[in-house]
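One structure is given here, and the rest of the page talks about it.
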Amino acid sequence: MSGMNRREWLGSVGAAVAAGALRKTAPDPAQVKSPEGAGKMRLELSEFQPKSMLHVGETKVPQARFPVIDIHTHLSFRANSRNGVGLGEKLEFLATPETVLPVMDRKNIRMMVNLTGGSGSGLSQAIERFEKPHADRFVTFTEPLWDQSAGPGYEKIQADAIASAKTAGARGLKVLKTLGLYLRERVTEGPLVKIDDRRFDSMWEACGSLNMPVAIHVSDPEAFFLPTDRFNERFEELNNHPDWSFHGKDFPSNAELLEARNRVLARHPKTHFILLHVGNDAENLAYVGECLDRFPNTSVELGARIGELGRQPRASRKFFDRYQDRILFGTDAVPNGTDTPQQIFGDALYEIYYRFLESEDEYFDYAPAPVPPQGRWRIYGIGLPEPILRKIYHENAARALHLKT
Ligand SMILES: [Zn+2]
7 MSGMNRREWL
17 GSVGAAVAAG
27 ALRKTAPDPA
37 QVKSPEGAGK
47 MRLELSEFQP
57 KSMLHVGETK
67 VPQARFPVID
77 IHTHLSFRAN
87 SRNGVGLGEK
97 LEFLATPETV
107 LPVMDRKNIR
117 MMVNLTGGSG
127 SGLSQAIERF
137 EKPHADRFVT
147 FTEPLWDQSA
157 GPGYEKIQAD
167 AIASAKTAGA
177 RGLKVLKTLG
187 LYLRERVTEG
197 PLVKIDDRRF
207 DSMWEACGSL
217 NMPVAIHVSD
227 PEAFFLPTDR
237 FNERFEELNN
247 HPDWSFHGKD
257 FPSNAELLEA
267 RNRVLARHPK
277 THFILLHVGN
287 DAENLAYVGE
297 CLDRFPNTSV
307 ELGARIGELG
317 RQPRASRKFF
327 DRYQDRILFG
337 TDAVPNGTDT
347 PQQIFGDALY
357 EIYYRFLESE
367 DEYFDYAPAP
377 VPPQGRWRIY
387 GIGLPEPILR
397 KIYHENAARA
407 LHLKT
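Add 6 to a position in the sequence shown, counting from 1, and you land on the number used in my numbering.
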C-alpha cells in the first residue's frame, strides 16, 4: 500500500484495532494469539493481501478496440492554492507532450483532454505546450477565477473570462469540487459558497452560448461524508488521506451538494454539463439515471469510478446500455505520483479500463496496486458490444467537444 506508512497507521487507528498485539514486548503482531482463543492470530488490515484462488481467465487488452478520447486528465494544475482553492494564473505542469504521447500511441488514445488548464496566462501556456504542437492530440479546458469570486463585478468578469478563454483556445470549462467543498464567501474564509449561488449564473450561461461543455466535479464518494470508522467501506483510503473526509465540520451532506448541482442543471438547460465521476454518485446508479433522465443537457464520465461500476456489473451493464449516448470515457489520469494508484497515467491504468469495458473477466483489480486503494473489493468486466464501445471511447466525447471524427 503506497503512501500508507505502517507506523502512522498503527499510531492512529491500528492502536485500537490491534490493542492486544501492540505491547512493547510483543513479537511480530501477526504471530500473537488473541486473548479470545487458541489459534486466532491478529493481523494488521494493512498487511492483509489475499490472493484470489479463483481459476478464471484473464483477458489482456493492451489497446482499446477503438480510438479513445480521454475526456478527464490532468496535465497541469494551478501552482498556488490555499484551503483547497486554486489561486492565480501560474500553472504547474506535470508532463510534456513527449512524455505522454508514447503511452497514448501504445494504448490507442487519440486525444487527451487536460481539464485543469487554469486561466489567463496559465491557460495560454498550457495550450502553447500541448495543443499548439499537437493540435489533433490534446484539448484544454479553462477554470473559474476563484480568487475574484468575492469581489464586485465578478459575474461579468467571469463571463468575459470564459469568452477570452475560448478565444485563446479553451474548449470547455472545468469546475473542481472546490465549488461546494472549499470555496468560501471570502474565497478561502467564511461560510462555504453554495454550488447554485447566483454569482455563477453568467459563467454557466457563457459556456452554453459559446458551445463550451462544463466538466463538473461535485461532491465525492458517499463514504467520504461518513465517519472514518470500522463501518466505512473506504476506511483505509480515508485513513490514508484524512483530508479527503468531508464528515462533520461545516460540510453539507452529499445529497445537499448533488441537489444544489441539480438546481444549476435545471436553470441552464442550454449548457452541456459533463458530470464527472459517473455524476459523482456511481454508488447509486438509479439516482444517476434519474438525473440523466431529468436533465437532457447532461452526460457522465467514468474517471476513477470503475471500482464502483465494476462491483455492480449487472446494473452497470444495463446503465451503459440505456445511456450509451451519454457516457464519456475518462480516467482522471495524472502523470506521476503514487498516492492514488487508480489515477496514475500509464499503460497499466488504461489496460484495466479497457478490460472492464471490453471483457467479461471475473473478479480482478480495479487499480494497479497491491491493495485495492478505494475499498477492498474487486471488479467484473461488462463486455460491451462494439457499437457501444465506439460511442463510449470517442463518439460521445467528439460530439461534446464539437470535433469532427
Ligand atoms: Zn479529475
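Note that beta-carbon positions come from the ideal geometry of N, C-alpha and C, so glycine has one too.
Quick caveat, the model's predicted, so the values are computed rather than measured.
> Does the beta carbon of residue 338 fall short of 7 Å from some heavy atom of ligand 1?
Replying inline: yes
> Can you check whether the CB of residue 403 is closer than 8 Å to the CB of residue 168?
Replying inline: no
> Curious, which full-length alpha helix (DSSP H) runs of at least 4 residues does the region 342-382 contain?
Replying inline: 353-364
>> residue 176 and residue 206 - do their beta-carbons sit closer together than 8 Å?
In response: Cβ atoms of residue 206 and residue 176: not closer than 8 Å.
> Can you list, in chain order, the stretches of the beta strand (DSSP E) that have 3 or more residues and sit fully within the region 181-234?
Replying inline: Those beta strand (DSSP E) runs which fall completely within the region 181-234 and span 3+ residues are 220-222.
> Helix, strand or coil for residue 146 per DSSP?
Replying inline: strand
> Roughly how many whole angstroms lie between the Cα atoms of residue 100 and residue 163?
Replying inline: Approximately 29 Å between the Cα atoms of the pair.
>> Let me check one thing: in DSSP terms, what residues is residue 59 bridge-paired to?
In response: Note: residue 59 sits in no beta bridge, so no partner.
>> In whole angstroms, give me the CA-to-CA distance for residue 117 and residue 174.
In response: 19 Å
> Would you call the CB atoms of residue 231 and residue 252 closer than 8 Å?
Replying inline: Against a cut-off of 8 Å, the Cβ pair of residue 252 and residue 231 comes out as a contact.
> What are the partner residues of residue 76, as DSSP defines its beta bridges?
Replying inline: Per the DSSP secondary-structure output, residue 76 pairs in a beta bridge with 118.
> Where residue 355 and residue 110 are concerned, what is the direct C-alpha to C-alpha distance, given to the nearest angstrom?
Replying inline: Residue 355 and residue 110 have their C-alpha atoms roughly 12 Å apart.
>> What does the alpha-carbon distance come out to for the pair residue 393 and residue 194?
In response: 46 Å
> In chain order, what residues of the same chain lie with their CB nearer than 7 Å to the CB of residue 188, ignoring the 5 residues before and after it?
Replying inline: 89, 90, 91
> Per the contact definition of three or more C-beta pairs closer than 8 Å, is the region 217-227 in contact with the region 178-187?
Replying inline: Per the Cβ contact rule, the region 178-187 is in contact with the region 217-227 (3 or more Cβ pairs under 8 Å).
>> Taking 8 Å as the cut-off, does the region 376-388 touch the region 313-329 (at least 3 CB pairs, one atom from each stretch)?
In response: yes
> Which term fits residue 122, buried or exposed, when burial requires 16 or more other beta carbons within 10 angstroms of its beta carbon?
Replying inline: buried
> Exposed or buried, which one is residue 27 when buried takes at least 16 other CB atoms within 10 Å?
Replying inline: Reliability fails at residue 27, whose pLDDT of 40 lies under 50, so the model's placement of it is uncertain and no value is given.
> Roughly how far, in whole angstroms, is the beta-carbon of residue 97 from the beta-carbon of residue 128, given that I think they are within contact range, below 8 Å?
Replying inline: 4 Å
> Hey, which unbroken runs of the alpha helix (DSSP H) at 4 residues or more fall wholly within the region 248-314?
Replying inline: Uninterrupted alpha helix (DSSP H) stretches at least 4 residues long and entirely within the region 248-314 occur at 260-273, 282-285, 291-300, given in chain order.
> Comparing alpha-carbon positions, which option in 368, 372, 165 lies nearest residue 62?
Replying inline: 368
> How about the region 294-305 and the region 271-280: do they share at least three Cβ pairs that are nearer than 8 Å?
Replying inline: yes
>> Does residue 124 come out as helix, strand or coil in the three-state DSSP assignment?
In response: coil
>> Measuring only from the beta carbon, is residue 309 closer than 7 Å to any heavy atom that is part of ligand 1?
In response: yes
> Should residue 245 go down as buried or exposed, given a rule of 16 or more other Cβ atoms within 10 Å for buried?
Replying inline: Buried.
>> With a threshold of 7 Å (Cβ to nearest heavy atom), would residue 78 be considered close to ligand 1?
In response: A distance criterion of 7 Å places the beta-carbon of residue 78 in contact range of ligand 1, judged by its closest non-hydrogen atom.
> What is the rounded straight-line gap between the Cα of residue 349 and the Cα of residue 185?
Replying inline: 22 Å
> Can you tell me whether residue 336 is buried or exposed, with buried defined as 16 or more other CB within 10 angstroms of its CB?
Replying inline: buried
>> Please determine whether the Cβ atom of residue 121 lies at a distance below 7 Å from any heavy atom of ligand 1.
In response: yes
>> Suppose you measure from the CA of residue 292 to the CA of residue 338; what does that come to, to the nearest Å?
In response: 23 Å
>> Is residue 247 near ligand 1 - that is, is its Cβ less than 7 Å away from at least one heavy atom of it?
In response: With a cutoff of 7 Å, residue 247 does not count as near ligand 1, since its C-beta is closer than that to no heavy atom of the ligand.
>> Taking DSSP's pairing of strands, which residues face residue 91 in a bridge?
In response: For residue 91, which the question treats as bridged, DSSP gives the partners 88.
> In three-state DSSP terms, what is residue 101?
Replying inline: Note: residue 101 maps to coil in three-state DSSP.
> Does the beta carbon of residue 400 fall short of 7 Å from some heavy atom of ligand 3?
Replying inline: No copy of ligand 3 appears in this structure; the ligands present are ligand 1.
> Heavy atom of ligand 1 less than 7 Å from the Cβ of residue 223, yes or no?
Replying inline: yes
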